[in-house]
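First up is the structure itself, then whatever we jot down about it.
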Amino acid sequence: IGPRGVYDEAKRFAEAITMAYHRYHRLDTKIVRIFNTYGPRMRLRDGRVVPAFIGQALSEQALTVFGDGSQTRSFCYVSDLIDGIFKLAMSNFHEPINIGNPREMTIKQFAEEIIRIT
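In structure tokens form, the structure reads like this:
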């Protein structure tokens, strides 16, 4: 198991213990699976692809794409995420839920779009 595997298992454990707590104590719990979120005030060098690509494009640098760019991502604007979380909080839904954009794109497509709009 590599570092990524531990991260994935920790998330799965957190969901399982939250659901167990909900069932045992009958508490109103929510589990949100958040997609790649972007929005204002992101730091350019925080390691995420959105600010990295935007910073590189605005500086007229080549965009750093790892591999062949075929990896896919789904990006969600922060206010859309907040709307989804609020609606979930006001609901009676207790199962894990994905909140994000259902449209995936490759990193290569995303890089091309960033270049186009900058």
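If you read the sequence shown in the working numbering, its first letter stands for residue 9, the second for the next number, and so on.
Yeah, the Cβ is synthetic: ideal placement off N, Cα and C, and Gly gets one too.
Quick caveat: nothing in here was measured; it's all calculated off a predicted structure.
Between the beta-carbon of Thr26 and the beta-carbon of Ile42, is there less than 8 Å? Contact annotation: Thr26 and Ile42 have beta-carbon atoms that are not nearer than 8 Å.
Does the beta carbon of Cys84 come closer than 8 Å to any beta carbon on chain B? Chain labels in this structure do not include chain B; a single protein chain is all it has.
Starting from Thr72, follow the beta strand (DSSP E) in both directions and report where the run begins and ends. From DSSP, Thr72 is part of no beta strand (DSSP E); its letter is neither H nor E.
By how many angstroms is the C-alpha of Gly63 removed from the C-alpha of Ala70? Going by the C-alpha atoms only, they are around 10 Å apart.
Give, in chain order, every unbroken run of the alpha helix (DSSP H) that is at least 4 residues long and sits entirely within the region 73-114. Every alpha helix (DSSP H) of 4 residues or more that sits fully in the region 73-114 is shown, in chain order, as 86-97.
Exposure label - Ile122; buried when at least 16 CB within 10 Å: Buried.
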